[in-house]
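J.: Numbering (this note's numbering), first residue to last: 19 to 488. The structure is given below, and queries will be raised subsequently.
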Ligand SMILES: [Zn+2]
């Protein structure tokens with residue numbers, strides 16, 4: 019397996035700390051609103067990373083945090099409590115808001131066939147551990163207390179810019195973003211480990227601590243949750259590229275100061291999804307969610323297909339025309355895979371040609387997750403001279419990684435059974451059977467095409483004509 023390591027900025031051969039066991043950490047969502055599809059792009063690529071590692075024989079233990087504490091998203095003591103803002107907007111408690119959007123996040127993940135990580139850790143469940151962690155950093159001399167907050171002193175950690183490769187002046191600008199500078203800091207990049215005082219006084223979630231009643235900083239969540247669940251060293255830490263200059267830089271500083279060891283072997287980052295305004299975010303432009311895509315008649319898996327046709331380290335431009343094209347290609351692909359004869363063959367032997375395609379698929383994924391090429395290999399399987407049974411077996415295997423449901427016929431739900439659309443479909447299917455019996459093949463074909471245009475495919479079986487959705 020070759021993987022780009024953001025720490026060394028090179029593609030490296032992947033060698034985990036502990037043989038086939040891989041410890042993987044992914045920064046999770048902040049749950050005060052729905053996830054937008056730009057964030058979900060990162061989770062789709064992370065899902066491919068995990069599934070590729072499993073496919074290549076590694077045993078992955080993956081942890082993800084849920085940021086359910088309503089702190090700032092930036093370090094300066096300015097801004098607003100996002101969770102509280104969500105609660106006021108929806109007339110709920112902050113805890114209800116967090117629970118609601120956590121569930122919504124996993125519903126979206128399920129629709130996109132993103133596997134749930136083995137361990138999902140809510141930030142609010144680890145408060146005693148944050149306090150212990152900060153006490154240790156304090157005892158080691160890495161912190162200072164100013165204006166009611168506990169800060170991490172970055173001058174005590176000489177490798178501070180190792181991941182970002184930025185000089186401190188550039189970092190200062192990246193940190194500052196659009197917030198006011200905090201004059202209580204010794205260095206502009208110092209960050210808060212524990213807040214008892216911030217410019218917004220209505221913080222809803224608060225806990226007692228040796229420094230006073232308050233709440234933890236953001237970065238500390240990931241460090242402590244990773245240490246608690248994966249031990250002092252881990253193999254891969256994932257996230258979006260926007261986490262490099264501040265969040266991941268701060269995670270490294272506090273974690274390595276705490277343990278005295280190199281923490282993460284490979285840093286993995288996915289690029290942005292851009293809309294017409296640039297980087298997609300929760301606050302700018304149209305708020306694009308999975309439900310919105312569904313409302314616009316897009317299958318969430320078309321979005322997955324669209325994302326997989328890009329490389330995780332390249333920015334991707336989003337537009338509905340692009341998604342439309344991806345959906346058409348995806349449906350066409352699915353029609354082809356569903357049309358393969360799925361007769362189960364007990365003694366199926368994969369031929370040399372079949373094994374070559376399997377090896378090509380494996381190689382392309384092992385080459386820094388080249389998912390677009392992996393999909394090309396899948397098309398090669400369809401185009402090959404292999405027998406249908408062999409094609410099905412190989413595509414099944416590939417789809418365990420790609421997770422595009424290529425061989426899964428859409429199920430007809432209970433409420434769907436009596437819907438107007440189903441009645442319409444069944445009337446047409448019946449009319450087609452009659453047309454065929456009358457040897458009116460032109461009419462039969464026209465009906466088949468009409469249904470196909472609506473995403474309904476027909477299969478003639480021994481028990482009669484069956485229909486399914488793409
Ligand atoms: Zn994180």
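Glycine included, each C-beta is placed from N, C-alpha and C at the ideal position. Source: prediction; values computed, not measured.
Looking at the unbroken beta strand (DSSP E) that takes in residue 164, where does it start and where does it end?
T.: Unbroken beta strand (DSSP E) run through residue 164: 161 to 164.
J.: Taking only the alpha-carbon atoms, compute the straight-line gap between residue 132 and residue 458 and give it to the nearest angstrom.
T.: If you take the alpha carbons of residue 132 and residue 458, they lie about 46 Å apart.
J.: Identify, in the order they occur along the chain, each residue of the same chain with its Cβ nearer than 6 Å to the Cβ of residue 60, setting aside the five sequence neighbours on each side.
T.: Around residue 60: 258 and 288.
J.: Under 8 Å Cβ to Cβ from residue 196, same chain only, skipping five residues before and after it: list those, please.
T.: Any reading at residue 196 must be qualified, since the residue scores a pLDDT of 46, below 50, and its modelled position is unreliable; the value itself is stated next. Closer than 8 Å at Cβ, skipping near neighbours: no residue.
J.: Cβ of residue 265 versus every heavy atom of ligand 1: is any distance shorter than 7 Å?
T.: Residue 265: yes, Cβ under 7 Å from ligand 1.
J.: How about residue 112 and residue 105: do their beta carbons lie closer than 8 Å?
T.: Yes.
J.: Please state whether DSSP places residue 132 in a helix, a strand or coil.
T.: Reduced to three states, the DSSP call for residue 132 is coil.
J.: Spatial neighbours of residue 237 within its chain, please: CB distance less than 7 Å, with the 5 preceding and 5 following residues excluded, ordered by chain position.
T.: Excluding positions up to five away in sequence, the list reads 209, 265, 268, 269 and 272.
J.: Please return the same chain residues whose Cβ sits closer than 6 Å to the Cβ of residue 230, not counting the five positions on each side in sequence.
T.: Hits under 6 Å: 214.
J.: Where does residue 372 sit, in a helix, a strand or coil, going by DSSP?
T.: Correct three-state label for residue 372: helix.
J.: Return the CA-CA distance between residue 130 and residue 423, expressed in angstroms with no decimal places.
T.: The alpha-carbon atoms of residue 130 and residue 423 are separated by roughly 10 Å.
J.: Whose CA, out of 21, 74, 22 and 118, lies closest to the CA of residue 47?
T.: It is 118.
J.: What are the start and end residues of the beta strand (DSSP E) that includes residue 169?
T.: That run of the beta strand (DSSP E) goes 167 to 170.
J.: What is the DSSP secondary structure of residue 179, counted as helix, strand or coil?
T.: It is coil, neither helix nor strand.
J.: Once the 5 residues before and after residue 35 are set aside, which same chain residues still bring their CB inside 7 Å of it?
T.: Closer than 7 Å at Cβ, skipping near neighbours: 251, 253 and 283.
J.: Tell me where the alpha helix (DSSP H) around residue 459 begins and ends.
T.: 459 to 471 is the span of the alpha helix (DSSP H), which, as asked, contains residue 459.
J.: With the cut-off set at 8 Å, would you say residue 152 and residue 120 are in Cβ contact?
T.: Going by C-beta atoms, residue 152 is not nearer than 8 Å to residue 120.
J.: Are residue 40 and residue 76 touching if we call contact CB-CB under 8 Å?
T.: Yes, the pair counts as a contact, with Cβ atoms nearer than the cut-off.
J.: Between which two residues does the beta strand (DSSP E) harbouring residue 255 extend?
T.: Start and end: 252 to 258.
J.: Looking only at DSSP bridge pairs, what is residue 213 linked to?
T.: DSSP, once it has assigned bridges, lists 167 and 233 as partnering residue 213.
J.: From residue 38 to residue 450, what does the alpha carbon distance come to, in whole angstroms?
T.: Their Cα atoms are separated by approximately 55 Å.
J.: On a Cα-Cα basis, can you pick out the residue from 20, 21, 25 and 361 that is closest to residue 261?
T.: When only C-alpha atoms are compared, the closest one is 25.
J.: Given residue 489, which residues of its chain have a CB within under 6 Å of its CB, disregarding the five upstream and five downstream residues?
T.: With the chain running from 19 to 488 in the structure shown, residue 489 is simply not present.
J.: If contacts are defined as beta-carbon pairs under 8 Å, then residue 392 and residue 382 qualify, I think. What distance do you get, rounded to the angstrom?
T.: About 5 Å separates the two Cβ atoms, so the contact holds.
J.: Should the region 396 to 414 be called in touch with the region 441 to 448, which here means at least 3 C-beta pairs below 8 Å?
T.: Judged by Cβ distances under 8 Å, the region 396 to 414 makes no contact with the region 441 to 448, as fewer than three pairs qualify.
J.: CB residue 323 to CB residue 348, shorter than 8 Å?
T.: Going by C-beta atoms, residue 323 is nearer than 8 Å to residue 348.
J.: What is the C-beta distance between residue 378 and residue 395, in whole angstroms, given that I count them as a contact (C-beta under 8 Å)?
T.: Correct: roughly 5 Å between the Cβ atoms.
J.: Taking the continuous beta strand (DSSP E) assigned at residue 44, which residues delimit it?
T.: Where residue 44 is concerned, the enclosing beta strand (DSSP E) stretches over 39 to 44.
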